[in-house]
Ligand SMILES: [Ca+2]
Ligand SMILES: [Ca+2]
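Numbering (my numbering), first residue to last: 132 to 371.
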């Protein structure tokens, strides 16, 4: 049913949104077509146009990219993948020196030309030995990144966290072909060092982050698109 909704949404977008209008970019990291294997996936958006990549140093445990099981109940279980990365791959002790704060990141780029509103939405998975703190950054010129938010997690087992931001009021982010955002590994603000997501664990080079359902919506276009995409967002909302 969910897959049918996505296909319906994609068809509606093709019909309703001019190719140059932007309007919506969705990364599910799921193979298209489904190959019934969560360990294979794609960085190509399911909907819209954009790029996703690992910044320098950030690892892929199984190159060229690594996919594991995705955010629960947001796609057919046999094909629902997340994008897995290891922020501190190859870093040496002290990590704070070899991999300075904000130097290890993933980046999502998508034009906001034609947008009247801009929100970003995603789910972020932390393994227990992963860096516990992430700083979200955005750019309006494609090169200078500005901090938007920092969050620190504390968990007893690997967990997903839903994040959502409304950037509409930020000058320059709308109608901008250079818009992009990063999710960067950062020091735990309480100790100014990298800490692990699970308090009893030590942060490590194999500690993994995962991402799924990365959505950059211009809600005005969603209204036009109707029920197909509403199904997608309904599925995500129910998991909050
Ligand atoms: Ca797959
Ligand atoms: Ca997925």
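C-beta: ideal position from N, C-alpha, C; glycine also.
From a predicted model like this one, the values you see are computed outputs, not experimental measurements.
Provide the residue(s) that pair with residue i in DSSP beta bridges, ordered along the chain.
i           : result
residue 346 : 157, 252
residue 215 : 197, 341
residue 180 : BP columns for residue 180 are empty, so no partner.
residue 262 : 327
residue 202 : BP columns for residue 202 are empty, so no partner.
residue 267 : 280, 314
Classify residue i as helix, strand or coil using the three-state DSSP reduction.
i           : result
residue 187 : coil
residue 240 : strand
residue 391 : Since the first residue of the chain shown is 132 and the last is 371, residue 391 is not available in this structure.
residue 151 : Bear in mind that a pLDDT of 36 at residue 151, under 50, signals an unreliable position, so the model cannot answer this.
residue 282 : strand
residue 167 : coil
residue 257 : strand
residue 304 : coil
residue 192 : coil
Following the continuous beta strand (DSSP E) through residue i, name the residue where it begins and the one where it ends.
i           : result
residue 290 : 290-297
residue 315 : 311-317
When the Cα of residue i is compared with those of the options, which residue comes out closest?
i           : options            : result
residue 278 : 284, 234, 321      : 234
residue 170 : 195, 176, 185, 186 : 195
residue 301 : 268, 255, 238      : 268
residue 340 : 199, 178, 209, 154 : 199
residue 305 : 206, 334, 347, 320 : 347
residue 282 : 192, 265, 290      : 265
residue 79  : 244, 160, 239, 230 : Here the chain comprises residues numbered 132 to 371, so residue 79 is not present and cannot be evaluated.
residue 244 : 338, 154, 342, 337 : 154
residue 287 : 186, 323, 249, 258 : 258
residue 299 : 247, 328, 225, 186 : 247
residue 377 : 203, 319, 251, 263 : Nothing can be reported for residue 377: it is not among the residues displayed for the chain, which extend from 132 to 371.
residue 345 : 163, 165, 205      : 205
residue 232 : 239, 331, 222      : 222
residue 321 : 187, 285, 202      : 285
residue 224 : 272, 329, 325      : 325
residue 228 : 343, 236, 342, 318 : 318
residue 334 : 313, 263, 280, 292 : 263
residue 291 : 185, 215, 197      : 215
Quick test of your reading: residue i and residue j, contact by CB under 8 Å. State the CB separation rounded to the nearest angstrom.
i           : j           : result
residue 316 : residue 218 : 4 Å
residue 174 : residue 183 : 4 Å
residue 336 : residue 167 : That belief does not hold up - the Cβ atoms of residue 336 and residue 167 are roughly 32 Å apart, past 8 Å.
residue 261 : residue 323 : Residue 261 to residue 323, Cβ: 18 Å. No contact.
residue 189 : residue 253 : Going by Cβ atoms, the distance from residue 189 to residue 253 rounds to 16 Å, so no, they are not a contact pair.
residue 84  : residue 308 : As displayed, the chain neither begins before 132 nor continues past 371, which places residue 84 out of reach and without an answer.
residue 197 : residue 181 : Not really, about 20 Å apart at Cβ, beyond 8 Å.
Identify the continuous alpha helix (DSSP H) that holds residue i and give its terminal residues.
i           : result
residue 226 : 226-229
Pick out every residue whose C-beta is nearer than 7 Å to a heavy atom of ligand 4: which are they, in chain order?
Looking for ligand 4 in the displayed structure turns up nothing; the ligands present are ligand 1 and ligand 2.
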